[in-house]
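Adding 27 to a residue's 1-based position in the sequence shown gives its number in my numbering.
Step one of this worksheet: look at the structure below.
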Amino acid sequence: MSNSFDTQSFLKVGDKSYRIFSLNPLKQQGYDIDRFPYTLKILLENLLRTEDGINTTQSNIEALLNWNPKVESNTEVCFTPARVLMQDFTGVPAVVDLAAMRDAMKSLGGNPNRINPLSPVDLVIDHSVMVDYFGNQSALIQNIEKEYARNQERYEFLRWGQYAFSNFRVVPPGTGIIHQVNLEYLATIVFTHNKDGIFQAYPDSLVGTDSHTTMINGLGVLGWGVGGIEAEAAMLGQPLSLLIPQVIGIKLSGKIPEGSTATDLVLTITELLRRKGVVGRFVEFFGNGLNNLSLADRATISNMAPEYGATCSVFPIDYETINYLKLTGRPNETIALVESYAQEQGLWYQEGKRPADYTEIIELDMGSIEPCVAGPKRPQDRVSIKNTKVAFPSATLDKPREGKVLLHGESISLKDGAIVIAAITSCTNTSNPDLLIAAGLLAKKAYDLGLKAQPWVKTSFAPGSQVVPAYLEEAGLMEFFNKLGFNIVGFGCTTCIGNSGPLPEIISKAIKDNQLTVASILSGNRNFEGRIHAEIQTNWLTSPPLVIAYALAGYITIDLTSEPLGKDRRGHDVYLKDIWPTRQEIIQVTQLSVKNTLFHQEYSNVFKGADRWQQIKIAEDKNYHWNPSSYIAHPPYFEHMGMEVPDISRVVDARCLVMVGNSVTTDHISPAGSIPVNSPAGQYLLHQGVTPEEFNSYGARRGNHHVMIRGTFANVRLKNQLAPNTEGGWTTYIPSNQVMSIFDAAEKYCAEKVPLIVIAGKEYGTGSSRDWAAKGVYLLGIKAVIAESFERIHRSNLVGFGVLPLQFESGENAAALGLTGKEKFSIAIPTKESKTVKVTVFDDIQNKEITFNTLVRIDTPKEWDYFRNGGILHYVLRNLATDS
């Protein structure tokens with residue numbers, strides 16, 4: 028490694044000495060490091076430490092040192108994360124790819140053992156548990172039993188991966204949610220590594236295969252979500268390329284008022300920053316308001332960075348950070364190192380010091396925050412709790428529909444706006460003791476007054492770690508969650524990612540028979556159409572205490588500020604204000620019940636798992652035995668692959684398979700939820716002898732490309748303009764004008780060797796960092812996606828699988844150009860030097876031709892290398908095969 032700026036030095040902490048790459052010598056060389064934002068200091072240290080003259084050069088470092096906050100940089104630098112974080116939905120396909128790469132490496136004449144993580148990898152199994160059982164004390168055990176029964180093959184595969192790959196740890200199912208486990212246990216803030224007998228210290232940093240990896244930014248750790256494809260490359264030692272970012276400073280002042288919560292704050296920030304536009308930018312927080320935010324509050328805010336479009340959303344290190352490390356039982360040696368290192372490197376936040384030079388400063392007075400929800404289908408659509416009736420889709424309220432259901436022997440009228448799922452879920456909020464204790468206190472007061480959840484509401488509670496019930500038991504509040512039906516259903520993501528399980532049959536029938544527009548209310552971070560449950564059209568995000576309040580009311584169309592939640596035992600109206608806990612009550616209970624001994628206790632055997640996990644048997648072979656399975660299948664990506672890099676070919680006479688509008692999410696492209704029986708994926712599984720009860724979810728079957736290709740664009744709420752008057756995975760096969768499933772049409776086009784494209788509006792690919800939203804597109808035979816704009820991770824994933832992302836020029840879109848999607852499209856060959864590429868469109872019916880230019884959204888030189896190779900995995904595999 029090079030050391031062009033002579034920054035290598037040693038830091039002594041206690042009786043240990045650590046080699047560091049210090050930023051201080053740069054000041055002596057005339058660089059004003061103090062003006063740098065926190066995140067760029069971390070990025071700068073990363074470049075200094077990894078300077079090799081190839082991926083990171085002296086000129087790269089100089090470009091960052093000369094950063095101009097007001098100018099959008101076109102300079103690419105390489106970021107080498109300290110570690111990689113995965114969850115099982117994205118982790119299983121990543122391990123499948125690694126296993127397939129070992130086979131491919133052998134075929135190419137290389138050493139299969141070269142395919143091994145070079146960076147530490149932690150995989151947390153949290154995405155598989157579903158809410159099949161709820162509302163009783165046995166729900167947790169029953170859901171665990173069903174989880175293992177459904178996922179035996181996947182769990183065997185992950186146990187094999189734990190054995191076969193070095194530098195690879197698995198946190199077993201039933202432990203918690205990935206980002207909460209990362210926050211409470213895995214993250215160190217300062218990473219240490221023993222190299223040649225010398226301890227090195229450097230900032231903990233990571234990339235994760237889940238977009239909410241940003242939650243760890245609240246702890247001062249730089250990291251963000253990437254696609255599984257990029258994560259695999261990072262695991263194999265490839266740095267991630269990025270353009271030197273612009274950094275937005277958010278100046279917080281004041282404090283959250285009585286009656287409002289950190290959830291209300293983050294939903295307000297999401298609305299604000301989506302409106303301002305921070306896509307592709309780093310965000311940092313500063314100001315005297317930091318003194319009034321707990322570390323858990325900060326993590327709640329950082330968690331939703333993808334929802335407001337930021338790459339990351341970072342809080343600096345201060346005494347609140349140190350106190351959190353102590354609370355969560357981190358070793359004293361780690362805590363001392365964090366404090367010393369942060370102060371040495373200028374990463375320690377000092378109030379009153381002049382702020383860094385930011386691209387832009389946005390101010391927010393936290394005293395203006397009010398209780399709110401977000402919905403009905405986007406996280407940025409914030410609504411005050413007094414206005415939910417207005418925000419509910421007005422078409423249904425003009426002619427409200429209702430149906431009768433018989434519940435517990437009583438005939439009940441179920442109307443539009445009824446809440447049928449109320450879930451305290453997601454690490455966004457379950458990592459925050461204040462929010463859960465507030466919910467517990469509200470539940471206690473509600474129960475004491477005789478209130479209960481409405482009988483049509485499916486209630487559930489899925490904590491993000493086992494510490495949560497431990498401190499709720501300590502506080503004497505867990506019983507009141509149970510009494511209101513919010514029994515623990517599992518330790519995982521559940522409802523937040525669509526694993527909400529089935530609705531009671533009688534409720535489901537009433538919704539279908541009466542075409543009711545119903546609602547879910549959850550303490551999650553995403554509420555896109557079709558995400559939470561296929562039968563629920565409106566989904567609302569809010570804080571845990573408000574989830575309970577809405578479950579008591581039973582309808583989203585209530586003004587919680589003026590209408591009663593119900594009646595007490597004496598028949599008197601009870602309002603939200605009557606049961607809402609005071610800030611002082613919450614603080615008092617939190618201080619008495621949340622103790623570091625609980626964190627020590629619950630994380631003492633975090634990688635061991637329950638007996639059920641330990642009893643799973645595996646084949647002790649470093650190469651995977653691809654046994655017949657509907658969960659795990661050998662992927663076709665490397666078939667016929669040679670060492671020579673193929674030429675990029677022109678796309679000629681392509682057909683449009685899918686044409687969509689704005690804000691199409693990765694959930695629309697590759698759903699994670701349940702698999703309908705009548706879908707192509709459902710029919711495939713039936714033909715494999717799998718019963719509908721055993722279908723599991725799309726997310727759980729990401730290790731099998733046969734299922735996932737059939738699930739691409741199969742979201743039940745997808746609106747493909749090529750199949751008007753339909754909803755779901757339908758398209759029109761243009762040659763015969765026949766409406767059929769998107770998968771069947773793609774198969775017909777493939778048989779005729781017809782290339783395919785997708786046409787889209789703005790914010791294409793927003794949402795989860797879902798690699799299958801790119802893999803599935805690639806396997807359908809789609810060569811290019813032409814959109815008005817792309818979300819960051821999905822654009823990168825498309826490139827990473829050899830699909831060309833093209834962007835309409837400013838002011839142009841499909842409508843402006845008069846495109847119907849039924850034309851033939853030819854795309855010129857893009858080159859590394861070309862900023863634009865010409866698209867030629869021929870209309871068979873009108874016998875006319877038009878051309879238009881599109882922007883080539885392959886944004887960095889490294890991405891060009893990936894694209895030329897057919898994708899990032901092919902690029903890595905060829906390089907490793909050459910080296911070996």
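In this text, a Cβ means the ideal position worked out from N, Cα and C, and glycines have one as well.
Predicted model, so just to flag it, every value in this text is computed and none were measured.
Which of the three DSSP states is assigned to residue i in this structure?
i, result
"Tyr376", "coil"
"Ala814", "strand"
"His220", "strand"
"Arg682", "strand"
"Lys471", "helix"
"Gln289", "The sequence given here places Ala at residue 289; Gln does not occur at that position. Looking at Ala289 - three-state DSSP - the assignment turns out to be helix."
"Pro782", "coil"
"Asp600", "strand"
"Trp891", "helix"
"Gly593", "strand"
"Leu294", "helix"
"Ser238", "helix"
"Gly477", "coil"
"Ile613", "helix"
"Val804", "helix"
"Val704", "coil"
"Tyr791", "strand"
Terminal residues of the continuous beta strand (DSSP E) containing residue i?
i, result
"Met128", "Taken as a continuous stretch (DSSP letters only), Met128 belongs to no beta strand (DSSP E), being part of the alpha helix (DSSP H) at Asp115 to Ser134."
"Trp251", "Leu249 to Gly252"
"Leu38", "Gln35 to Val40"
"Val447", "Ile446 to Ile451"
"Arg46", "Lys43 to Phe48"
"Ser523", "The sequence given here has Cys at residue 523, not Ser. No beta strand (DSSP E) contains Cys523, which DSSP labels as neither H nor E."
"Phe488", "Lys485 to Phe488"
"Glu259", "No beta strand (DSSP E) holds Glu259; the alpha helix (DSSP H) holding it covers Gly255 to Met262."
Classify residue i as buried or exposed, calling it buried when 16 or more other Cβ atoms lie within 10 Å of its own Cβ.
i, result
"Phe740", "buried"
"Thr455", "buried"
"Val217", "buried"
"Pro266", "buried"
"Ile872", "exposed"
"Trp653", "exposed"
"Tyr791", "buried"
"Phe37", "exposed"
"Gly669", "exposed"
"Met157", "buried"
"Arg596", "exposed"
"Ala750", "buried"
"Thr327", "buried"
"Leu74", "buried"
"Leu619", "exposed"
Would you check if the distance between the CB atom of residue i and the CB atom of residue j is smaller than 8 Å?
i, j, result
"Val601", "Ser657", "no"
"Ala578", "Ala681", "no"
"Val198", "Val633", "yes"
"Ser570", "Lys413", "no"
"Gly700", "Gly525", "yes"
"Thr84", "Thr77", "no"
"Ala445", "Gly636", "no"
"Thr565", "Pro427", "no"
"Ala800", "Ser697", "yes"
"Glu259", "Ile645", "no"
"Ile575", "Ala470", "yes"
Counting along the chain, where does the alpha helix (DSSP H) carrying residue i start and finish?
i, result
"Phe626", "Asn623 to Glu629"
"Asn913", "This structure cannot settle anything about residue 913, because the visible part of the chain is limited to 28 through 911."
"Pro284", "Element bounds for Pro284: n/a, residue is neither H nor E."
"Ile645", "Where Ile645 is concerned, there is no enclosing alpha helix (DSSP H), given that its DSSP letter is neither H nor E."
"Gln227", "Per DSSP, Gln227 belongs to no alpha helix (DSSP H); it is in the beta strand (DSSP E), Ile225 to Pro230."
"Ile328", "Leu322 to Asn330"
"Leu267", "Per DSSP, Leu267 belongs to no alpha helix (DSSP H); it is in the beta strand (DSSP E), Leu267 to Leu270."
- Message: Runs of 3 residues minimum, wholly inside the region 360-429: which ones carry the beta strand (DSSP E) assignment?
- Response: As far as the region 360-429 is concerned, its whole beta strand (DSSP E) runs of at least 3 residues are 387-392, 399-401 and 409-411.
- Going along the chain, which unbroken runs of the beta strand (DSSP E) with 3 or more residues stay wholly within the region 822-889? Runs found: 831-835, 851-854, 863-870 and 875-883.
- Report the residue ranges of all beta strand (DSSP E) runs contained in full by the region 712-773; include only those spanning at least 3 residues, in chain order. Qualifying beta strand (DSSP E) stretches, in chain order: 757-760 and 765-768.
- Query: Residue ranges of each beta strand (DSSP E) run of no fewer than 3 residues wholly in the region 491-574, ordered along the chain?
  - Reply: As far as the region 491-574 is concerned, its whole beta strand (DSSP E) runs of at least 3 residues are 546-549 and 565-568.
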